[in-house]
Structure formats: C-alpha cells, structure tokens
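Counting the sequence shown from 1 gives a position; the numbering used here is that position plus 49. Beta carbons: idealized from backbone N, C-alpha and C, even for Gly. Small disclaimer: the values here were computed from a predicted structure and weren't measured.
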Amino acid sequence: MPKLIISDHQGNEVGMIQRKFTFFKKKYLYIRNDGDTYEITGNITDRKFDVLRFGVPIIQVRTLSSFLSLRPHTFALEFLEPDLDEWEGIAVVQGVRMMVKDENSSTATAPDH
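Spelled out as structure tokens, the structure:
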C-alpha cells in the first residue's frame with residue numbers, strides 16, 4: 050500500500066499517511082510516530098473530507114471554489130480540536146491530496162494488457 054512520510058517544520062519525521070486496504074472505497078490513515086492514528090474520510094478529490102480521531106472530526110476540509118470560480122482549487126481547513134498543530138495538519142491534508150492525485154493519474158495512464 051502507498052505511504053507518505055510527514056515531517057514537521059524542522060524536517061523531523063512526525064508520522065506517515067498510509068492507504069488502508071479496502072475492497073470498495075479508498076481509505077487513508079495518518080499514523081503519528083507516537084502511535085496516535087487518524088482516519089481520513091470523505092471526497093478527497095473534491096476537497097470535502099475530514100480527519101477523524103476515534104470517529105470525531107478534528108479537521109474539516111471544504112472547497113471554497115465554485116464552477117465559475119477564478120480560483121478553482123481554493124479550499125479551507127477548519128481545526129476543530131487541538132490534536133494536530135497547523136503545520137502538521139496542513140501537511141497531512143496536502144499529503145493525502147497528493148497521494149490521491151498520484152494514484153488517480155497512475156491509474157489513468159496505466160498501459161492496457
């Protein structure tokens with residue numbers, strides 16, 4: 050399964066995003082070095098997803114752009130709980146979005162057999 054290391058603002062590894070094996074829908078986990086685990090659920094591609102701990106949202110991600118927007122990739126993060134600092138939270142959100150984008154582009158360009 051794909052993995053992505055998350056580092057803090059000083060370059061120290063603080064955790065890892067990992068794709069969770071499921072049969073139907075892609076799911077992702079953020080596992081901190083201290084063992085805390087967060088589930089990332091929702092529509093990551095459309096920037097409408099949550100980072101959960103024990104089923105409780107700690108970060109909500111929502112798109113701010115519309116079909117006619119001049120800035121089509123604008124989205125907002127709302128930190129609902131102090132579990133992750135802003136740096137780490139932003140790194141997790143951007144990291145999981147990058148993983149999904151990479152997986153989608155590699156699937157779209159896979160050679161036919």
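For residue 125, the number of other beta carbons within 10 angstroms of its own is below 16, and it is reported as exposed.
Excluding its 5 nearest sequence neighbours in each direction, residue 75 has no C-beta neighbour in its own chain below 6 Å. Secondary structure at residue 150: helix, using DSSP grouped into helix, strand and coil. One thing to note: residue 144 has its Cβ within 8 Å of the Cβ of residue 66. In the three-state scheme derived from DSSP, where H, G and I count as helix and E and B as strand, residue 91 is classed as strand.
Proximity to residue 68 across 84, 50 and 107 peaks at 50, based on C-alpha coordinates. The C-alpha of residue 105 is placed about 21 Å away from the C-alpha of residue 71.
Beta-bridge annotation (DSSP): residue 128 is paired with 108. Per DSSP, reduced to three states, the secondary structure at residue 138 is helical.
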